[in-house]
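Sequential numbering of the sequence shown, starting at 1, is according to full-length UniProt numbering.
Beta carbons: idealized from backbone N, C-alpha and C, even for Gly.
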Amino acid sequence: MESFERIFAGYTPLTSCYCEAFEPTGQPRQHWIKLVNMIDAMGPEKFFKRLGQVERMLVEHGATYNLFDDPQELDRPWELDLIPLIISAREWLFIKAGLEQRARLHCAIYKDLYSNQSLVNEGLIPPELVYANPGFLRVCTGMESSWSGAPIVFSMDLFRTAQGEWRVAGRRAQTPIGPGYALENRVIMSQVLSRIFHQNRIKRLAPFFIKLDESLKEAALFNKDDPSIVTLTPGPSSKTYFEHAYLSRYLGYPMVESGDLTIRDNKVYMKTLGGLEQVDVLFRWTDDRDSDPLALRGDPALGVSGLIHAVRTGALVVVNPIGAGVTESPAFAGYLPGLCRHLLGEDLLLRDASSLWCGDPMSLEQALAAPENYIFAHCFGGSGPSAIDKMDVKKSDWDALVEKIHTSPYQYIAYEKTGVSTAPTLDNGNVAPWRALSRFFVSADRDSIKVMPGGLGRVGSDSLSLLLTGGEDALSKDIWVISDKPVEQVSLLDRMEKTLEIKRGGDLPSRIADNLLWLGRYIERAENQVRLYRSMFKKLSSETPYMEMPEIPVLLKMAADRGFLSADKVLGRENLNLFEMQDEILEAVFDPQRPASLIAALGHVHRTAKSVRDRLSLDSWRVVMRLEHTLKKSDAEQWLQVSETFDLMTELLISLSAFSGLAMESITRGLGWRFMDMGRRIDRADHIIGVIKSALVEPVADQKASLEALLEILDSAMTYRSRYRTSLQVPPALDLLIADEVNPRSLAFQLAALTEHVDSLPRGNERKFSSPEEKAALRSLTAVRLWDLNGLCEPDSSGRRNRLEEVLSSVEAGLNDFAMHVTQHYLSRIPTTQHFTSLYPEGKQ
1 MESFERIFAG YTPLTSCYCE AFEPTGQPRQ HWIKLVNMID AMGPEKFFKR LGQVERMLVE
61 HGATYNLFDD PQELDRPWEL DLIPLIISAR EWLFIKAGLE QRARLHCAIY KDLYSNQSLV
121 NEGLIPPELV YANPGFLRVC TGMESSWSGA PIVFSMDLFR TAQGEWRVAG RRAQTPIGPG
181 YALENRVIMS QVLSRIFHQN RIKRLAPFFI KLDESLKEAA LFNKDDPSIV TLTPGPSSKT
241 YFEHAYLSRY LGYPMVESGD LTIRDNKVYM KTLGGLEQVD VLFRWTDDRD SDPLALRGDP
301 ALGVSGLIHA VRTGALVVVN PIGAGVTESP AFAGYLPGLC RHLLGEDLLL RDASSLWCGD
361 PMSLEQALAA PENYIFAHCF GGSGPSAIDK MDVKKSDWDA LVEKIHTSPY QYIAYEKTGV
421 STAPTLDNGN VAPWRALSRF FVSADRDSIK VMPGGLGRVG SDSLSLLLTG GEDALSKDIW
481 VISDKPVEQV SLLDRMEKTL EIKRGGDLPS RIADNLLWLG RYIERAENQV RLYRSMFKKL
541 SSETPYMEMP EIPVLLKMAA DRGFLSADKV LGRENLNLFE MQDEILEAVF DPQRPASLIA
601 ALGHVHRTAK SVRDRLSLDS WRVVMRLEHT LKKSDAEQWL QVSETFDLMT ELLISLSAFS
661 GLAMESITRG LGWRFMDMGR RIDRADHIIG VIKSALVEPV ADQKASLEAL LEILDSAMTY
721 RSRYRTSLQV PPALDLLIAD EVNPRSLAFQ LAALTEHVDS LPRGNERKFS SPEEKAALRS
781 LTAVRLWDLN GLCEPDSSGR RNRLEEVLSS VEAGLNDFAM HVTQHYLSRI PTTQHFTSLY
841 PEGKQ
């Protein structure tokens, strides 16, 4: 056991509580032996090398968790421990039975509270737990019939007490945060520890998602053969946005935001480029109160006005049902055993964490008689500290809390202080006992209940934080459930029950098209900057003094005219200091406070790509993440050597070219690709016009230097030399950069591509003639084809090429018209009509 000693030598289980992996004697528990032995055989070097693989894969996948209390609202990287949390086959039978019972119990409570409320009338649930509970949505009363057949997905947080008993720390039914993260953890762990995973016979997670997919499709009231199912996300600002995009792509459902949906005649429709498409099932990731801002006064940017009325009329199924969060309050804990016997005729298998609801006079008296044994908290949320321990606060603060409790006792709960089991966790190269919480997921529909055979483990140093927050700020673990028989390989793609209809793509929500268009523009804009700066740093890193390089003033003018550099600092100065110039260029690259800086441009790329995360391939997303991290790891202070910055620009250019290559070769030529490519063509054409104006309109001392700089930053120098050798002249250069339709870096190529794209966009039946955007693209392309380039190249008596400037400005105006008309025609939001119908069923006003 030599390597075992090396990896776990410093691990000592805590004597005060249960250890998931080791006996009190220090020996591995029976179901952990194989894992421990295989890690032992692997040795520390290989094992910790795999930890680096985990971290790299999480970054490449873009797995993040956005903590709202982060002052900069930054995405925090998801963290996964390399040691899984293992549950034996025997123990899983008990946990599974307890979770299934919990699901049946909560479904029964939901249906009663939103129908005849017999549980309140018979005194089994105190009225305060319902009518003072912000999770109870009165407007949903009478809608229980709309739930029939629709699944409800729960998450249940379980922990093991110091004595080894499983308890429930919390439950969530509004949006069951975590199944997507559990799936991501499993994908990574099964690759990084592939041999260990397979030899331990670990149950697969896919059957849970297969059953969920089947339940969602069966819940549709219309179009049962091919229902339209969408996932509703609050958007990229959501702390779990990664999960929304990840599951949408895994299950194959379009991901939408509230602005993508509208209601017509009590039906919910998705706004697409081809018109409105009815939605049959809405798989929501918005909280209850944000689901319908008209009925619930929630955030209008997150919900769909009139959604509740659409559900009530039977035109739509929403999963989870709006109002499902009513029993999430921990104050229900003391009443669940009695409710289980009353509703199910069974004893409750999984009890909650020991607590006292202060709304019960005897419980209040008991809690205040020995407050040092309890943690006091709001049972319905609320302002102020999430939890208070008398032993940690001043007497005045404690007295103020007691006064508040006596004023509104039903709003408070007292948790009995309890220990939480530990699990071995990697901690700075050592294995340490951290407190463990396990989140499991259950999908319950009318006919069956499916429990995910695994889940999301969370570990931290503090028991209280884990129990009260669900481990939101803790390290995650993959939960492995051992099977007592060989495990069948299952995939979401394995189902072949019916013949599929052949499809060639689909319609695209207008918001997605808008974001893809801007993603293309931002990618191209970043590439243009990188090429320009790379050319500058290449010149500045040479042995020739910059004063003797005529290309430098041309490049500086291009960058200043494009808004990348400050014109006051780099133009019109006879004695430009080298270090001042370098500082200005470095700031233009690295300063995030400058709107036109390169790092700001790459930030736009990342944010826009994130908003269409479910539409990008994993390889494309890896490139986006590589772009962000390449520049983030660099700091202006570290890159004062221009040669190093040149290397950085080269690295960025390779990544940007990789993204463009993946877009050309890996994305089907559907509407999404067309809008992204239109964005690239618009910005490239605009850049071509701008730099040609900067280099060739005004008279310059060295025309050859201007042409060399122009050809280099437009990536056409090699093509020019292959045609014209070393002779540099304006007419052939402009022919290559403006009129040559086989040069992908020419203006004509961009305009031809835009014309072809717009001809392929959906056309309304009422439109028999060319649209404004078609006319704008064709007008600009035709003008370029008819230009007399020799005439445009001739300067006037002052040396200016005024005619060239005029025609380029004309095409520039045409580009702006094209972009405006595309936005107005395809990307503007369809105004939502508010239906001010009755929100309540008859007799419930």
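query, result
"Outcome for N223 when other beta-carbon atoms lying within 10 angstroms are tallied against a minimum of 16", "exposed"
"Segment contact flag, the region 168-185 with the region 447-463, C-beta cutoff 8 Å, min 3 pairs", "yes"
"Residue 859 and T755 closer than 8 Å at C-beta", "The chain is shown only over 1 to 845; residue 859 falls outside these bounds and no answer can be derived."
"Inter-residue CB distance, G274 and P772 (contact presumed, cutoff 8 Å)", "In fact, because the Cβ distance is near 19 Å, the residues do not count as touching under 8 Å."
"Buried or exposed (CB count within 10 angstroms, at least 16 for buried), V742", "exposed"
"Cβ pair F159, R167 closer than 8 Å", "yes"
"Assigned secondary structure, S421 (DSSP; H/G/I helix, E/B strand, else coil)", "coil"
"Helix, strand or coil at G52 according to DSSP, with G and I counted as helix", "helix"
"Same chain only: Cβ atoms within 6 Å of L14, ignoring 5 sequence neighbours per side", "T422 and P433"
"Beta-carbon proximity of Y533 to V623, cut-off 8 Å", "no"
"Where N373 falls: helix, strand or coil (DSSP)", "helix"
"Sub-8 Å separation of residue 873 and D213 beta-carbons", "Beyond the ends of the chain as shown, which are 1 and 845, falls residue 873; an answer cannot be given."
"Through-space distance from A245 to G670, alpha-carbon basis", "20 Å"
"Distance between beta carbons of L565 and I585, contact taken as under 8 Å", "7 Å"
"Alpha-carbon spacing of I7 relative to I95, whole angstroms", "31 Å"
"Own chain residues within Cβ distance below 8 Å of S798, not counting five before or after", "P699"
"CA-to-CA distance, K417 to S354, given in whole angstroms", "8 Å"
"Contacting residues, own chain, Cβ-Cβ under 7 Å from M676 (five flanking each side not counted)", "L516, L517, L519, G520 and A663"
"Rounded C-alpha distance that separates M195 from I479", "Strictly speaking, residue 195 in this sequence is Arg, with Met absent from that position. Straight-line Cα distance between these residues: approximately 17 Å."
"Where Y253 falls: helix, strand or coil (DSSP)", "coil"
"Rounded C-alpha distance that separates V487 from G62", "30 Å"
"Buried versus exposed, by CB contacts within 10 Å (16 or more), M143", "buried"
"Close Cβ partners of D462 (< 8 Å) along its chain, the five nearest in sequence each way excluded", "R435"
"Beta-carbon gap between L466 and V319 smaller than 8 Å", "no"
"C-alpha gap between Q101 and L348, whole angstroms", "8 Å"
"Where the alpha helix (DSSP H) containing E794 begins and where it ends", "It is not in any alpha helix (DSSP H) - E794 carries neither H nor E in the DSSP assignment."
"I375 to T425 span [Cα, whole Å]", "27 Å"
"Alpha helix (DSSP H) segment containing V311, residue limits", "L307 to R312"
"Counterpart residues of V481 in DSSP-defined beta bridges", "I87"
"Which of helix, strand or coil DSSP assigns to L437", "strand"
"Sub-8 Å separation of residue 873 and D352 beta-carbons", "Examination of residue 873 is not possible in this model, given that the chain is present from 1 through 845 alone."
"Rounded distance between the beta-carbons of S228 and residue 886, thought under 8 Å", "Nothing can be reported for residue 886, as the shown portion of the chain is limited to 1 through 845."
"Cβ neighbours of L711 in the same chain (closer than 6 Å, five flanking residues each side left out)", "A717 and Y720"
"Distance between T272 and D507 (C-alpha atoms, nearest Å)", "6 Å"
"Exposure label - Y724; buried when at least 16 CB within 10 Å", "exposed"
"Simplified DSSP state of residue 869, which is helix, strand or coil", "Outside the modelled stretch of the chain, which goes from 1 to 845, sits residue 869, for which no answer is possible."
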